[in-house]
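Residue numbers (our numbering): 498 to 805.
Yeah, the Cβ is synthetic: ideal placement off N, Cα and C, and Gly gets one too.
Reading through the structure tokens given below for one structure.
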Ligand SMILES: NC(=O)c1ccc[n+]([C@@H]2O[C@H](COP(=O)([O-])OP(=O)(O)OC[C@H]3O[C@@H](n4cnc5c(N)ncnc54)[C@H](OP(=O)(O)O)[C@@H]3O)[C@@H](O)[C@H]2O)c1
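Right, here's the structure in full:
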């Protein structure tokens, strides 16, 4: 009888399939995560995005792999989905906050509305999801929250201020959350990719003013003309593919106690240590020197610099 009981307990323990909710799966890193999880039968997966066509083309839904619409900016979408997962699968065990957008604009070219969209997508939406899945995780006494940040969360670059601010917000929240939920058996990890060889630079968002200036018009024209191809080139040259990031996410999912900070690419690792050990008053002029033609930016528009 006792044998039967142990057999039953072992069987139920090993037949448990953690439920993983991933946001932003229609392309890039999110798609690669969905692809990898699709082949791992030991998890139940909810792959989400605003546009579902690419997901429906790639995957077949079944009783362990769902495709669902989730605009992270929409509270209604999030509430409906979390309710469905709670009702049918008993809650989310692992949340992967991957969805994100990146504005390409200097601070002066953003509007209140642009700032709100950037923060809503990269910070307010993800943190709302965290709040929604935490009660279930607390009840179970375990869970994992994996937030995909960026090197931009630790080091800001010109024309990417709002993006950097949104990732820094996500990192600050994750750090505080780590203390709050660690005693409850819940892990928090922040994955910090540097440049990834993907098409996401084609998905960058321009504001009305940055779009008008991006070909070189006006005071900030030089900034865009140099920064946009510079970032695109660094992404093209990167040897890190979305699949590499997906593998890392799966490794974090499988690790009992993953660390909070996870620099995910070689450049991220370099910046991580530079940021920690080099004082900013030296680091920033050093990085400025590396930006393409930065010493010439805005030269015609200032009275404070030598016009030679
Ligand atoms: N690629 C890089 O070099 C790099 C570097 C550092 C960090 N990251 C971070 O990695 C994550 C993924 O980036 P990626 O390179 O894979 O970019 P991507 O190819 O542009 O994918 C972004 C994903 O986010 C989704 N998304 C955007 N707005 C959304 C919203 N309101 N609600 C739900 N989903 C939304 C997009 O899908 P829909 O448009 O269909 O909704 C898409 O699936 C982002 O958080 C990004 O900041 C990327």
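I'd like to confirm something about residue i: is its beta-carbon nearer than 8 Å to some heavy atom of ligand 1, or not?
| i | result |
| --- | --- |
| residue 671 | no |
| residue 648 | yes |
| residue 754 | no |
| residue 520 | yes |
| residue 528 | yes |
| residue 656 | no |
| residue 596 | yes |
| residue 568 | yes |
| residue 736 | no |
| residue 733 | no |
| residue 692 | yes |
Under 8 Å from any heavy atom of ligand 3, does the C-beta of residue i make it?
| i | result |
| --- | --- |
| residue 590 | Looking at this structure, you won't find ligand 3 anywhere; what it does contain is ligand 1. |
Alpha carbon to alpha carbon, how far is residue j from residue i? Give it in angstroms, no decimals.
| i | j | result |
| --- | --- | --- |
| residue 643 | residue 701 | 23 Å |
| residue 748 | residue 800 | 54 Å |
| residue 703 | residue 600 | 6 Å |
| residue 733 | residue 782 | 26 Å |
| residue 713 | residue 719 | 6 Å |
| residue 798 | residue 716 | 7 Å |
| residue 535 | residue 542 | 8 Å |
Among all the DSSP beta bridges, which residues are the ones paired with residue i?
| i | result |
| --- | --- |
| residue 641 | 591 and 684 |
| residue 564 | 544 |
What is the residue span of the alpha helix (DSSP H) that residue i lies within?
| i | result |
| --- | --- |
| residue 741 | 739 to 751 |
| residue 731 | 718 to 734 |
| residue 516 | Not the alpha helix (DSSP H): residue 516 falls in the beta strand (DSSP E), residues 516 to 519. |
| residue 582 | 572 to 586 |
| residue 794 | Looking at the DSSP string, residue 794 is not in any alpha helix (DSSP H), and its letter there is neither H nor E. |
Whose CA, out of the options, lies closest to the CA of residue i?
| i | options | result |
| --- | --- | --- |
| residue 553 | 565, 561 and 617 | 565 |
| residue 593 | 722, 522, 547 and 561 | 522 |
| residue 597 | 559, 639, 579 and 525 | 525 |
| residue 709 | 516, 607 and 527 | 607 |
| residue 760 | 696, 779, 663 and 649 | 649 |
Could one say the Cβ of residue i lies closer than 9 Å to chain D's Cβ atoms, at least one of them?
| i | result |
| --- | --- |
| residue 517 | Any reference to chain D falls outside this structure, which holds one protein chain only. |
Between which two residues does the beta strand (DSSP E) holding residue i run?
| i | result |
| --- | --- |
| residue 546 | 541 to 546 |
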